[in-house]
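**Q** Chains as they are written, first to last, in our numbering: chain G, 1 to 448; chain R, 449 to 758.
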Ligand SMILES: Nc1ncnc2c1ncn2[C@@H]1O[C@H](COP(=O)(O)OP(=O)(O)O)[C@@H](O)[C@H]1O
Ligand code: SF4
Ligand SMILES: [Mg+2]
């Protein structure tokens with residue numbers, strides 16, 4: 001393990017820092033999960049593919065801030081949070097904290113860092129060992145690290161419980177998690193997280209599984225803890241309303257990427273990325289649980305195992321244009337959408353025009369739509385034209401470079417797309433081709 | 449202690465039929481445990497003490513008669529309880545001590561260790577248990593003689609794979625639980641996670657297997673004695689051995705030398721099985737019906753009131 005000798009044993013970084021000092025710096029962090037193929041595929045050593053849960057994220061976390069990770073379910077928020085604490089191994093990139101790269105630390109060295117980096121989980125009922133009393137559970141971090149025992153341990157557990165509002169502590173210490181309400185359990189989880197006096201707390205949707213009535217109280221408690229204990233938060237949520245209330249900065253995530261990041265006020269006042277805009281349109285809904293999926297643009301979240309080419313958001317983006325990465329899978333989706341809008345009779349005849357749509361499954365910027373047995377390439381071309389006339393504004397057509405007749409069908413070529421990198425736009429950074437990419441001048445750091 | 453809470457919870461939770469199974473099983477078992485504990489006071493003679501009369505019928509000073517070795521059958525039955533209980537407790541504890549930690553480590557660590565252990569255990573499990581017991585009884589007799597310990601070890605070998613399987617499979621799913629990740633997040637090392645977080649949550653089904661194995665052990669012990677691989681008659685009284693001796697007597701019309709040891713075996717096996725099934729009924733959720741109670745929804749308030757309540 002390439003850990004530098006001089007930092008060994010100094011898990012606790014100095015707590016007094018200049019404002020705006022970077023606490024954790026992530027560079028191109030990747031977490032790919034290997035998909036499990038059948039046993040046959042594994043035996044033969046075949047590549048069974050991988051899920052790109054986190055796909056190249058660079059973010060700086062500043063001392064004392066609350067950074068929100070916001071995105072739909074499956075966008076990789078939890079995985080990024082776990083990678084930050086070394087609970088899941090990053091498959092690429094680096095995460096620097098206190099002079100060391102967390103992704104390269106051994107389990108033993110990581111254990112020493114646990115005092116600094118802590119986590120609060122989404123489901124408080126699952127986060128506590130059902131057969132451990134609250135006193136044992138909350139005090140266990142101290143015991144594991146050999147920091148307290150006996151009377152001292154008891155006192156510190158009581159203090160921690162008091163601090164998170166479980167008072168009088170004697171009423172809760174000897175209970176089992178099953179005897180507590182959801183809100184009380186989350187308080188106990190918070191007590192366990194802060195008992196080691198951490199620097200950073202990653203809170204993974206800490207209130208999403210709690211009753212509406214206690215959510216605000218738990219968030220307020222977290223703000224109090226932050227103030228009293230000088231904490232830095234990473235707050236993970238799919239709920240923009242709570243992010244607006246809670247975060248200093250937010251990073252909007254989509255399919256393992258950060259698509260927009262900046263100060264909360266700026267993002268909410270003037271969202272730049274089309275995805276952020278569509279998320280924000282949904283916010284007036286009074287029940288934040290329902291808010292997100294409602295007003296999202298067409299289509300589903302693509303499969304993270306084989307994300308779209310170019311900009312991963314392009315199949316759902318209302319503003320997409322030629323360089324956004326159009327490809328043959330989009331053409332297939334378009335043809336299928338066309339059929340669902342039509343009568344069964346039309347479908348039967350048109351279905352015969354095209355040989356096999358499954359050929360269009362692999363990602364590529366070129367598609368050959370083969371003619372069916374009883375039809376000619378010209379029929380296929382007619383069909384494509386009909387689809388185009390139906391909705392001339394469909395962004396996909398902006399990506400088509402040319403369509404040519406071949407022997408067996410129609411070849412559609414799309415513009416080579418490009419993967420938009422994060423770039424400064426206004427006060428924020430955004431990953432979208434709508435904003436010109438400027439080469440950062442020498443010596444100048446990233447914006448926002 | 450959390451562990452005992454988990455282990456003894458089912459005893460308090462049983463209701464209905466399960467409770468009756470459990471109570472009658474516990475009563476039967478308790479009777480034999482009493483015999484075992486107080487054998488010197490209950491039995492009129494020692495287990496290898498010759499009495500004045502050979503093959504006397506029951507009654508007339510000998511409650512269950514005497515056999516052709518000049519032994520008192522009632523005393524043999526009582527002393528036999530002690531042997532049976534000793535062997536069973538030893539066999540179950542040895543099986544637990546080996547099988548549970550092995551299953552826990554195998555399930556938590558995974559990888560090659562897990563594959564190898566699963567292979568070995570599956571192989572052991574695939575053998576007919578009696579055959580396995582015979583082989584190992586031979587083996588241990590050579591090593592440590594034909595006493596209680598040798599038989600208990602041979603029986604334990606049969607039971608280890610059962611604990612291993614159940615504990616490993618439960619561990620495999622429990623290690624994905626959030627509280628295990630939470631334990632890692634507070635810096636708990638592997639042995640702490642296994643000992644303090646997984647152990648108490650993966651042993652729920654162990655009491656059931658334990659009692660069912662105990663019932664099985666009585667039968668297998670008798671079978672080993674019957675074929676002459678059990679405990680030497682001079683070491684301890686053993687029902688299977690007595691049963692085998694009584695085989696010739698039946699032809700001569702002597703029923704008491706065989707019936708009483710046989711009855712003891714049947715009763716103790718029944719008792720332990722009832723306890724096991726009673727517990728199983730409670731722990732195994734597919735059989736459990738006791739939570740199904742009629743549940744009345746409160747009447748819905750009118751929508752207007754609902755609005756006003758907000
Ligand atoms: N342990 C895992 N093994 C395989 N895939 C995983 C694992 N954890 C997460 N994933 C996948 O990674 C993607 C991101 O998941 P996650 O980080 O949980 O997203 P979020 O928290 O934003 O809902 C999902 O497609 C999910 O299925
Ligand atoms: S780059 Fe921008 S415009 Fe193009 S698809 Fe992505 S979000 Fe839409
Ligand atoms: Mg999540």
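By construction, the Cβ of each residue, glycine as well, lies at the ideal position given by its N, Cα and C atoms.
Computed from a prediction, not measured in an experiment: that's the story for all the values here.
1) Using 8 Å as the cut-off, classify the Cβ of residue 72 of chain G as near or not near the heavy atoms of ligand 1, replying yes or no.
2) When DSSP builds the beta bridges, which residues end up paired with residue 368 of chain G?
3) Would you mind telling me which residues of chain R sit closer than 8 Å to residue 121 of chain G, beta carbon to beta carbon, in chain order?
4) Would you mind stating whether residue 495 of chain R and residue 519 of chain R have Cβ atoms separated by less than 9 Å?
5) In chain order, what residues of the same chain lie with their CB nearer than 6 Å to the CB of residue 102 of chain G, ignoring the 5 residues before and after it?
6) Look at the alpha carbon of residue 533 of chain R and the alpha carbon of residue 589 of chain R, and state the distance between them as a whole number of angstroms.
7) With DSSP as the reference, label residue 321 of chain G as helix, strand or coil.
8) Using the C-alpha atoms, what's the distance from residue 84 of chain G back to residue 423 of chain G?
9) Can you tell me whether residue 449 of chain G is buried or exposed, with buried defined as 16 or more other CB within 10 angstroms of its CB?
10) Can you pull the chain G neighbours of residue 406 of chain R, defined as C-beta to C-beta under 7 Å?
11) Does DSSP classify residue 207 of chain G as helix, strand or coil?
12) Per DSSP, what kind of secondary structure is residue 75 of chain G in: helix, strand or coil?
13) Helix, strand or coil: how does DSSP classify residue 739 of chain R here?
14) In angstroms, rounded to a whole number, what distance separates the CA positions of residue 244 of chain G and residue 20 of chain G?
15) How many Å lie between residue 645 of chain R and residue 632 of chain R at the Cα?
16) Residues of chain R with CB closer than 7 Å to the CB of residue 144 of chain G, please, in chain order.
17) So does residue 558 of chain R have its beta carbon nearer than 8 Å to some heavy atom of ligand 1?
18) For a test of your reading of the model: does the CB of residue 77 of chain G fall under 8 Å from any non-hydrogen atom of ligand 3? Yes or no.
19) Please tell me whether residue 132 of chain G and residue 177 of chain G are closer than 9 Å, where the distance is taken between their beta carbons.
20) Going by beta carbon distance, what residues of the same chain come within less than 8 Å of residue 228 of chain G, once the five residues before and after it are set aside?
21) Using DSSP with H/G/I as helix, E/B as strand and the rest coil, what is residue 751 of chain R?
22) What residues in the stretch 648-663 of chain R bring their beta carbon closer than 8 Å to a beta carbon of chain G?
23) Taking 8 Å as the cut-off, is the C-beta of residue 184 of chain G nearer than that to any heavy atom in ligand 3?
24) At a Cβ threshold of 9 Å, is residue 187 of chain G touching chain R?
25) Rounded to whole angstroms, what's the CA-CA distance from residue 383 of chain G to residue 110 of chain G? Just pull it up for me.
26) I'd like to confirm something about residue 119 of chain G: is its beta-carbon nearer than 8 Å to some heavy atom of ligand 1, or not?
27) Here's a check: name, in chain order, each residue in its chain whose Cβ is nearer than 8 Å to the Cβ of residue 549 of chain R, leaving out the five neighbours to either side.
28) Alpha carbon to alpha carbon, how far is residue 513 of chain R from residue 599 of chain R? Give it in angstroms, no decimals.
29) Can you tell me the Cβ-Cβ gap for residue 261 of chain G and residue 59 of chain G, rounded? I've got them flagged as a contact below 8 Å.
30) Report back the beta-carbon spacing between residue 476 of chain R and residue 710 of chain R to the nearest angstrom; my notes put them in contact at under 8 Å.
31) Could you tell me which of G/193, G/61, G/205 sits nearest to residue 137 of chain G, measuring between CA atoms?
32) Three-state secondary structure (DSSP) at residue 444 of chain G?
33) Can you tell which of G/80, G/329, G/318, G/232 has its C-alpha closest to the C-alpha of residue 277 of chain G?
34) Looking at the unbroken alpha helix (DSSP H) that takes in residue 692 of chain R, where does it start and where does it end?
35) Taking residue 89 of chain G as the reference, which of G/98, G/106, G/373, G/406 has the closest Cα?
36) Residue 176 of chain G CB to nearest chain R CB: under 9 Å?
**A** Reading off the structure:
1) yes
2) For residue 368 of chain G, which the question treats as bridged, DSSP gives the partners G/411.
3) By Cβ distance, chain R contributes 626, 629, 630.
4) yes
5) Excluding positions up to five away in sequence, the list reads 86, 95.
6) 20 Å
7) Looking at residue 321 of chain G - three-state DSSP - the assignment turns out to be coil, as it is neither helix nor strand.
8) 23 Å
9) Because residue 449 of chain G is not part of the residues shown, which for chain G are 1 to 448, the question remains open.
10) Residue 406 of chain R lies beyond the residue range present for chain R, which begins at 449 and ends at 758; the question has no answer from this structure.
11) coil
12) coil
13) In this prediction, residue 739 of chain R has a pLDDT of 44, which is less than 50 and means its spatial position is unreliable; what the coordinates show is noted afterwards. The answer is coil: DSSP assigns residue 739 of chain R none of H, G, I, E or B.
14) 20 Å
15) 10 Å
16) 634, 635, 636, 640
17) no
18) yes
19) For residue 132 of chain G and residue 177 of chain G, yes; Cβs fall inside 9 Å.
20) 163
21) Confidence at residue 751 of chain R is low in this model, with a pLDDT of 47, below 50, so its placement is unreliable and the value that follows should be read with caution. Residue 751 of chain R falls in the helix class under three-state DSSP.
22) 648, 649
23) no
24) The C-beta of residue 187 of chain G comes no closer than 9 Å to any C-beta of chain R.
25) 60 Å
26) Checking the Cβ of residue 119 of chain G against ligand 1 gives no.
27) none
28) 28 Å
29) Right, the Cβ-Cβ distance comes to about 7 Å (below 8 Å), so this counts as a contact.
30) Contact flag wrong, Cβ pair sits at about 15 Å.
31) G/193
32) The pLDDT assigned to residue 444 of chain G is 46, lower than 50, so where the model puts this residue is not dependable; a value taken from the coordinates is nonetheless given after this. In the structure shown, residue 444 of chain G sits in coil (DSSP, three-state: anything other than H, G, I, E or B).
33) G/318
34) First-last of the alpha helix (DSSP H) with residue 692 of chain R: 687-693.
35) G/106
36) yes
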